[in-house]
Amino acid sequence: MNDEAASGCYLLPDRAESAGLARTHVRAFLLARRATHLTDDATLLVSELVTNALLHAPGKPELRLHLGESVLRIEVVDGGSGVPHRMHPTADRASGRGLILVEAIASAWGVTHTADTKSVWCELPLTAPHRTPAARR
Numbered sequence: 018m019n020d021e022a023a024s025g026c027y028l029l030p031d032r033a034e035s036a037g038l039a040r041t042h043v044r045a046f047l048l049a050r051r052a053t054h055l056t057d058d059a060t061l062l063v064s065e066l067v068t069n070a071l072l073h074a075p076g077k078p079e080l081r082l083h084l085g086e087s088v089l090r091i092e093v094v095d096g097g098s099g100v101p102h103r104m105h106p107t108a109d110r111a112s113g114r115g116l117i118l119v120e121a122i123a124s125a126w127g128v129t130h131t132a133d134t135k136s137v138w139c140e141l142p143l144t145a146p147h148r149t150p151a152a153r154r
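Numbering (the numbering used here), first residue to last: 18 to 154.
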């Protein structure tokens, strides 16, 4: 598989429905590359990262996907300069679990800054490690 065929880049509107649009892009990307076994985890990760970008950064987020030999790399680039941090949500709080989910599902994640942008990225192994049902919650 060549790098161009294994990569996708999608500029998303600065609107709440962009998380759903990003999930649609991920599903189509993985279907076209016969990697649908990653769909559930990848759509959840993308949804969390895009939602965070929409809530905490200015401008239109950009979704970047790259299917390498051993991992799917997901990046959401935005115009923010802050560093995302994991929250400690309480039972009565509806938000604040996004990075906890990313940390639990992805094999790696991080943040990269340039002069104008921030990229929050994560990776999923193409061959998923065994996880118990409790670890997936």
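Beta carbons: idealized from backbone N, C-alpha and C, even for Gly.
Under the DSSP assignment, Ala-125 falls in the beta strand (DSSP E) whose first and last residues are 125-130.
Contact annotation: the stretch 42-52 does not touch the stretch 92-99, with fewer than three C-beta pairs closer than 8 Å. If one requires a minimum length of 3 residues, the beta strand (DSSP E) runs lying completely within the stretch 34-104 are 79-84, 88-95, in chain order.
A distance below 6 Å between beta-carbons, with the five flanking residues on each side excluded, links Ser-124 to the following residues of its chain, in chain order: Glu-140, Pro-142. For Val-63 against Ala-39, the beta-carbon gap comes to about 5 Å, under 8 Å, which counts as contact. Between the alpha carbons of Leu-61 and Ser-35 lies a distance of about 13 Å. Scanning its chain for C-beta atoms nearer than 7 Å, with the 5 sequence neighbours on each side dropped, one finds around Lys-77 the residues Leu-28, Leu-29, Pro-30, Asp-31, in chain order. By alpha-carbon distance to Arg-90, the top candidate from Ala-59, Ala-132, Ala-70, His-130 is Ala-59.
DSSP places Leu-118 within a helical segment (H, G or I) once states are collapsed to three. By the C-beta density criterion, Leu-48 is exposed, having fewer than 16 other C-beta atoms within 10 angstroms. Just so you know, the alpha carbons of Thr-56 and Gly-37 end up roughly 14 Å apart.
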